[in-house]
Amino acid sequence: MSIEAINWVLTAAPIPRDRRDASSLAVVLVGLANHADPDGRNAFPSLARLSRYTRLSERSVRYALRTLEDLKLIRPSDPVIVAAYVKRADRRPNGYDLALNRTEPVDNSPYQGQPLPPVTSHEGQSRPERGANSVSTRGKACPRNILNHPENHPPRSDSPLPPPCGQCDARPHDPPAARLIWPNDDSNPIPCPRCHPKSIDPNGRAR
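Last residue of the sequence shown: 207 (the UniProt record's numbering), numbering continuous.
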């Protein structure tokens, strides 16, 4: 493995970024650099090995090798050197030299697309409090505690309610609202005048 060759691929190899196959070319070139010497020469991995490295089909690897040759980023290496390592001609792969002399600054910055939204609008961040005084509220500003106006809640008394009087419909464990009586069969129920909260004064006596 040649650290120099791999560094060249990652930081200086002039692979056109506007090509649709730019990523395939780069990964195949990294596979070659993994087998080159410190000068980037005599890289001869098999097509099957490059396919395993890159997760590309052998046909795609062949196409990438031809394209890299057309771009003059690789060139055939000395076949004698390859033959010295692989004796059987029928199993002898093509060897390549990497053009380490060809350099061009590579912009490895992230994709320059649409900017990310402000952090305050990300999920998980606290959201602006919604209420009558929100910036988006139209018209005159209203007090923020409008929903807690005293008129919206019945008055609370510190004195406990007496138990049901026994002459209305309420049972001992029923809520105070159940303390009703029926004047006659055809009328609606009315609060019990003896034990309903509306009929009890602050001292716990019937009004």
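Virtual Cβ for every residue (Gly too), placed ideally from N, Cα, C.
Item	Value
Counted within 10 angstroms of its Cβ, other Cβ atoms place Trp8 as buried (16 or more) or exposed	buried
Nonlocal neighbours in the same chain, by C-beta distance under 8 Å from Tyr85, ignoring five residues either side	Phe44
Straight-line Cα distance separating Leu32 from Ala89	20 Å
Beta-carbon proximity check, His196 vs Arg171, cutoff 8 Å	no
Inter-residue spacing [alpha-carbon to alpha-carbon] between Ala48 and Glu4	24 Å
Contacts around Thr67, its chain only, beta-carbon distance under 8 Å, and the 5 residues preceding and following it disregarded	Asp21, Leu25
8 Å contact criterion, which Asn42 and Ile81 should meet: CB distance rounded	5 Å
Whole-angstrom distance between His173 and Pro191, CA atom to CA atom	17 Å
In chain order, each alpha helix (DSSP H) run of at least 4 residues that lies wholly inside the region 20–102	22–33, 47–54, 58–70, 79–85
For Trp182, the first and last residue of its enclosing alpha helix (DSSP H)	Unbroken run through Trp182: none, as it is neither H nor E.
Boundaries (first-last residue) of the alpha helix (DSSP H) holding Glu4	3–11
Tyr96 versus Leu73: straight-line alpha-carbon distance, rounded	10 Å
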